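2 protein chains.
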Amino acid sequence: MNNNVVAEGLAEPKTLVESAYRALRRDIIEGNLAPGEKLRVEHLKDNYGVGAGTLREALSLLISDALVVSQGQRGFRVAPVSLADFEDIAQTRVMLECEALRQSIAMGDDAWEADLVAAFHRLAKAEEKRIGSEAREEWEERNRIFHEVLIAACPSRWLKHFLSILYFQAERYRRLSLYLQPIPRDIHVEHEALLHAAINREADKAAAILSEHILLTFRSVQAIPAEQLNAKLRA
Amino acid sequence: MNNNVVAEGLAEPKTLVESAYRALRRDIIEGNLAPGEKLRVEHLKDNYGVGAGTLREALSLLISDALVVSQGQRGFRVAPVSLADFEDIAQTRVMLECEALRQSIAMGDDAWEADLVAAFHRLAKAEEKRIGSEAREEWEERNRIFHEVLIAACPSRWLKHFLSILYFQAERYRRLSLYLQPIPRDIHVEHEALLHAAINREADKAAAILSEHILLTFRSVQAIPAEQLNAKLRA
DNA sequence: TCAATATGTTTTCTCGAGATTTTTAAATAC
DNA sequence: GTATTTAAAAATCTCGAGAAAACATATTGA
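Structure, rendered in structure tokens:
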């Protein structure tokens, strides 16, 4: 159970393995390395500026996150994607994240509320200037942290661990289909409603909003015509 | 999302990395490598008969299962244990495994029922001759498979993936406290009740039994006097 | 034309040695 | 006697080359 992801964002990587791990993870989530693509060690080690053994180790770590799959004696591949898989991710996330949110609302203290308001504010600021890839990265980061702080007061380390895996998985799908969203939605309003329900300790309401919030993301991808989606997935 | 564990039991490892991975996992779960113990690559590579890089890779894979933790530039350690952690594992497992069981009961077909009866029968056979470490290993294997088959008809791959991680974690705690069980229980009866409730499609009843089944294991460990437990954990 | 075999190429897997960093221990200063 | 500094020792991290396996291509036979 490795990463407090909030902290990870700040701490610099101390080994080449970790640098390569992060760079690879970023490239997979952003889609620069396409789903199902073969990851040839001899080729990649030059791109990432590390030795073969180091790169293999980074790839092994990515198996934890289910972003890379390996098959004995046949090397590594980027984890494949499918609509069925994304549906599974969304449903499992709804189940775990709603439960974690309920616990967090039940246990959260004043400091938690303050963190939550702060995280929401930073997210809202990033939402204003949503143009350019740099601003986009900033929004992604702050969105992740907002969701993380929401459940931060949940005492179960395992729930939070599994949720951090699922979050990155979902982010990958979301990015793959980003500029194709056919379902109009105001994410800012959704986040705001979530914030207020949480602060007011309305657990049922908060869970319902969060559930819809997650499922809407899946339906957005589901609504994309198959051909368009496949083209994007292969790019 | 790597392992169909049922299949893994049969398939031979095709690489040295995988051999070392399995040997290490076994030694950690069985307690031959104590919780918190430092895992020195230079020392272990001889024990497991592989090179340093190969062993590092195997250790990286074990991070997926949260059986090993690493800290940049400070090497690998066996994941530490605590009563609080085991409680978290048990509670999270109850939540996920009951849901998976409900789905499995709702979706399971005749073939699933047949697999379940067969798995129970093999487990019962192993329960009879429960003396000797070899028979014990057999029972452990068949117990794991019984639990796996119970939820096999659940369609969520992610739920099953997380549960397989939690199962190994729980097994480790269970073994650490094996010969100290102060709470008397008839595990055979518990399994039998679980089997019948599942076959009869009584989801609520099955979930209740499973929940008790898992929590009893935690309470067994919890009831062990602290000094005795600590001595065992350090061994 | 198709299947099966044989050959050559690519890629993965594996190892041991060298460069950094951490840890341990001793020595010095206060 | 305690704390800081210095030096030696140990361990981690990293790399590139060699062995084994998988893959692609060409050849042979029906």
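Chain order of the listed sequences is F and L. When you line the first sequence up against full-length UniProt numbering, it's residues 1 to 235, in that order. When you line the second sequence up against full-length UniProt numbering, it's residues 1 to 235, in that order. C-beta: ideal position from N, C-alpha, C; glycine also. Computed from a prediction, not measured in an experiment: that's the story for all the values here.
Extent of the continuous beta strand (DSSP E) to which residue i belongs
{"i": "Val78 of chain L", "result": "76-78"}
{"i": "Ser70 of chain L", "result": "68-70"}
is_contact[residue i, chain L] using C-beta, thresh 7 Å
{"i": "Gly108 of chain F", "result": "no"}
{"i": "Leu67 of chain F", "result": "no"}
{"i": "Leu61 of chain F", "result": "yes"}
{"i": "Asp204 of chain F", "result": "no"}
{"i": "Glu42 of chain F", "result": "no"}
{"i": "Asp88 of chain F", "result": "yes"}
{"i": "Glu18 of chain F", "result": "yes"}
{"i": "Pro80 of chain F", "result": "no"}
Chain F within 7 Å of residue i, Cβ atoms only
{"i": "Lys38 of chain L", "result": "no"}
{"i": "Gln73 of chain L", "result": "yes"}
{"i": "Lys45 of chain L", "result": "no"}
{"i": "Gly53 of chain L", "result": "yes"}
{"i": "Ser177 of chain L", "result": "no"}
{"i": "Glu57 of chain L", "result": "yes"}
{"i": "Asp186 of chain L", "result": "no"}
{"i": "Leu14 of chain L", "result": "In the sequence as displayed, the identity of residue 14 of chain L is Lys instead of Leu. Yes, its Cβ sits closer than 7 Å to a Cβ of chain F."}
{"i": "Ser64 of chain L", "result": "yes"}
{"i": "Asp115 of chain L", "result": "no"}
{"i": "Ala235 of chain L", "result": "Low per-residue confidence applies at Ala235 of chain L: pLDDT is 41, beneath 50, and the placement is therefore not dependable, though the value from the model is reported in the following sentence. No, its Cβ sits nowhere closer than 7 Å to a Cβ of chain F."}
Residue range of the unbroken alpha helix (DSSP H) whose run includes residue i
{"i": "Ala170 of chain L", "result": "157-176"}
{"i": "Lys205 of chain L", "result": "203-222"}
{"i": "Arg144 of chain L", "result": "133-150"}
{"i": "Ala193 of chain F", "result": "187-199"}
**Item:** Members of the region 140-171 of chain F near chain L, C-beta cut-off 9 Å
**Value:** Within the region 140-171 of chain F, the qualifying residues are Pro155, Ser156, Arg157, Trp158, Leu159, His161, Phe162, Ile165, Leu166, Gln169.
**Asked** What are the complete beta strand (DSSP E) segments, minimum 3 residues, inside the region 29-109 of chain L?
**Response** 68-70, 76-78
**Message:** Does the region 69-86 of chain L come into contact with the region 22-33 of chain F, if we say contact requires no fewer than three beta-carbon pairs (one atom in each stretch) closer than 8 Å?
**Reply:** no
**Request:** Could you please tell me which residues of the region 208-221 of chain F, in chain order, have their CB closer than 9 Å to any CB of chain L?
**Result:** Flagged: no residues at all.
**Request:** Please name the residues in the region 118-141 of chain L whose beta-carbon is closer than 8 Å to at least one beta-carbon of chain F, in chain order.
**Result:** none
**Item:** Cβ contact (3+ pairs, closer than 8 Å) linking the region 146-156 of chain L and the region 112-121 of chain L
**Value:** yes
**Prompt:** Going along the chain, which residues of the region 90-104 of chain F sit with their C-beta nearer than 9 Å to a C-beta in chain L?
**Reply:** Gln91, Thr92, Arg93, Met95, Leu96, Glu99
**Request:** Please confirm if the region 77-96 of chain F is in contact with the region 156-174 of chain F, defined as three or more CB-CB distances below 8 Å between the two stretches.
**Result:** yes
**Contact the region 136-143 of chain F vs the region 43-57 of chain F: 3+ CB pairs below 8 Å** = no
**Request:** Could you tell me whether the region 15-28 of chain L touches the region 209-221 of chain F, using the rule of 3 or more Cβ pairs below 8 Å?
**Result:** no
**Asked** Using 8 Å as the threshold, is the region 152-164 of chain L in touch with the region 89-101 of chain F, meaning 3 or more CB pairs across them?
**Response** yes
**Message:** For the region 51-62 of chain L against the region 51-64 of chain F, do three or more pairs of beta-carbon atoms, one drawn from each stretch, fall closer than 8 Å, so that the two count as touching?
**Reply:** yes
**Prompt:** If you pair each beta-carbon of the region 196-210 of chain F with each one of the region 99-110 of chain F, do three or more pairs fall below 8 Å?
**Reply:** yes
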